[in-house]
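K.L.:
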Amino acid sequence: MEHKLYIYNTLTRKKEQFIPLHENKVGMYVCGPTVYGDGHLGHARPAITFDILFRYLQHLGYKVRYVRNITDVGHLENDADSGEDKIAKKARLDQLEPMEVVQYYVNRYHKAMEALNVLPPSIEPHASGHIMEQIEFTQKIIDAGFAYVSEGSVYFDVEKYNKSNNYGIISGRNIDEMLETTRELDGQSEKRRSVDFALWKKASPEHIMRWNAPWSVGFPGWHMECSAMGTKYLGEEFDIHGGGMDLMFPHHECEIAQNKAGLGKDSVKYWMHNNMITIGGQKMGKSLGNFITLDEFFTGNHKLLSKAFSPMTIRFFILQAHYRSTVDFSSEALEASEKGLERLMDGYARLQKLSPSATSSIETAGLRAKCEEALNDDLNTPIAISYLFEALKVINSVHDGKATISVSDLEELQSVFKLMVEDLLGLKVEATATGTNEAYKQAIDMLLNMRLEAKRNKDWATSDKIRNELTALGFEIKDTKDGFEWKL
Ligand code: ZN
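Just so we're aligned: the sequence shown equals residues 3 to 490 in this note's numbering.
#1: Pull up the distance between the alpha-carbon of Phe477 and that of Phe391, whole angstroms please.
#2: When DSSP labels each residue in this structure, what does Pro313 get in the three-state scheme?
#3: Between which two residues does the alpha helix (DSSP H) holding Lys204 run?
#4: Note down, in chain order, each residue of its chain lying with its Cβ closer than 6 Å to the Cβ of Phe331, except the 5 sequence neighbours on either side.
#5: Kindly indicate which residue of Asn167, Val197, Ser191 and Ser166 has the alpha-carbon position closest to the one of Glu179.
#6: Tell me the residue span of the beta strand (DSSP E) that contains Asn26.
#7: Could you please give the first and the last residue of the uninterrupted beta strand (DSSP E) stretch that includes Ile479?
#8: Can you list, in chain order, the residues of its chain whose CB lies under 6 Å from that of Ser308, leaving out five sequence neighbours each side?
#9: Let me have the residue list for ligand 1: C-beta closer than 5 Å to any non-hydrogen atom, ordered along the chain.
#10: Would you kindly check if the distance between the Cβ of Gly29 and the Cβ of Arg67 is under 8 Å?
#11: I need the boundaries of the beta strand (DSSP E) containing Ser339, first residue and last residue.
#12: What residues in its chain sit with their C-beta under 7 Å from that of Ser363, if we drop five residues either side in the sequence?
#13: For Arg506, write down the residues that DSSP places opposite it in a beta bridge.
#14: So, with DSSP's three-state summary, where would you put Gly245?
#15: Quick check: the Cα distance between Tyr111 and Ala338, rounded to an integer number of angstroms?
#16: Considering only their Cβ atoms, is the gap separating Asn11 from Tyr272 smaller than 8 Å?
#17: Taking 8 Å as the cut-off, decide whether the C-beta atoms of Arg194 and Tyr150 are in contact.
#18: Do Gly154 and Ser218 have their beta-carbon atoms positioned less than 8 Å apart in this structure?
#19: Let me make sure I understand the geometry here. Which of Tyr350, Ala129, Arg370 and Ser410 has the alpha-carbon closest to that of Met211?
#20: Can you give the Cα-Cα distance for Thr361 and Lys430, rounded to whole angstroms?
#21: Quick check: what's the CA-CA separation for Tyr491 versus Glu116?
#22: Could I get the ranges of all uninterrupted alpha helix (DSSP H) runs contained in the region 57-119, with 4 residues as the minimum, in chain order?
#23: Determine the extent of the alpha helix (DSSP H) in which Val37 is found, giving its start and end residues.
#24: Between the C-alpha atoms of Lys27 and Ser124, what's the straight-line distance to the nearest angstrom?
#25: Taking 8 Å as the threshold, find out whether the region 215-234 comes into contact with the region 134-153 through three or more Cβ pairs.
#26: Can you tell me which of the three DSSP states His42 falls into?
And the structure:
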């Protein structure tokens, strides 16, 4: 396939030309959410980053199998081998079945992703649906001599693995230092070394999510699901594995070690990691009080937000930074993105209505190549967006009668904008009352004012018709003493 897509491979720490393992097929795995709470910006960024890659690879002509998992078991509170399961804890607090918690938050996650125009993956496997595969994978690692059973739990033997492999290959952590500094703590737990990590954990009596395994009734270690599901659906070797940078250690380091130990080979050719989103320079966290869910962004219902921000504004805000740069969120930054997006979408709408002339008085060629060049350079969306903004000047000068554009130039410009704005960046016009579409708001107000007038004239048929038809379209209408309120 003819293209020059380069991506930054976290494993080699280099930008590399993307050459898939199979001629025109690409296998891509991305770590999805642990579903014990509502999605936040930290979920939106990897979803949007790898959505761009998914869209772009398909644009280049590849058949992409995109697997994004749902973590619904085994992710313990402190990301290590102790603490309560995050799902089980939420279930206990809310007096629900763990799978009720999972279903509830998966539904909400899907709704948020749809609002953000993130395409659904090809396969979305749940960890809890792949317990057998995880047990089998764990057995392979034991058979290969890289794991040991202790008190019914199974641990990965990091020190032994590191003798013939490199534990730390992706995170850059120095295993010798880790072994050295943790040595004195060892001997106090069922693990041989505190750097060892669980492949299977024996369930304590109060642990409710439990399954039968050869070693105990228990549950898989968190990292095991991605080894098992990635290779089940994409093969023992596949092209791309992605996720947030925060997953690099221990999650991805452990996954690499598991695959190498269990399968005798490296499974992933290109590792890709998106950077984090900070708030006022600080990490986001529930305990820091700066944790804003996607729903809170969409409704504006949070003390750090000046107003509601539409899903497309959030998407555009994320795409205005390169995925490997940090992004610092603030209400002001989002307001700037909102204005930028409005300018872009207005220009795109204006482009559809331009009238062509016999000849072009301005240069329009080269936009497609420039945008593709930007995306080929490790998905540089901010540069691609800046080229679109440059082209807006051309659109505006033709619109204002200061320049002319030929039929073929106009068609090409329209085609590039459609490709970039809609197909690759995944931006769309939003019809929400909280969005920027003032005319739409006014049109609904006008209809409801007509209904008020009909009511005053005791024309109940017209009044009911307006109300019923708006309700059928999804509007919620409330009569108040001053008139009405509505929302979609
Ligand atoms: Zn994972």
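Cβ atoms here follow ideal geometry from the backbone N, Cα and C, with glycine treated the same way.
P.N.:
Quick look at the numbers:
#1: 34 Å
#2: It is helical.
#3: Counting along the chain, Lys204 sits inside no alpha helix (DSSP H); it lies in the beta strand (DSSP E) bounded by residues Phe199 to Lys204.
#4: Ile279 and Ile281
#5: Val197
#6: Segment: none, Asn26 is in no beta strand (DSSP E) and carries neither H nor E.
#7: Glu478 to Thr482
#8: Ser333
#9: Cys33 and Cys228
#10: Yes, the pair counts as a contact, with Cβ atoms nearer than the cut-off.
#11: Taken as a continuous stretch (DSSP letters only), Ser339 belongs to no beta strand (DSSP E), being part of the alpha helix (DSSP H) at Ser333 to Gln354.
#12: Ala405 and Thr406
#13: For the chain, the structure presents residues 3 to 490; residue 506 sits outside this window and is missing.
#14: strand
#15: 26 Å
#16: yes
#17: yes
#18: yes
#19: Ala129
#20: So the two alpha carbons sit approximately 31 Å from each other.
#21: Any question about residue 491 goes unanswered here, given that the chain covers just 3 to 490.
#22: 88-96 and 100-117
#23: Counting along the chain, Val37 falls outside any alpha helix (DSSP H), and DSSP gives it neither H nor E.
#24: 13 Å
#25: yes
#26: strand
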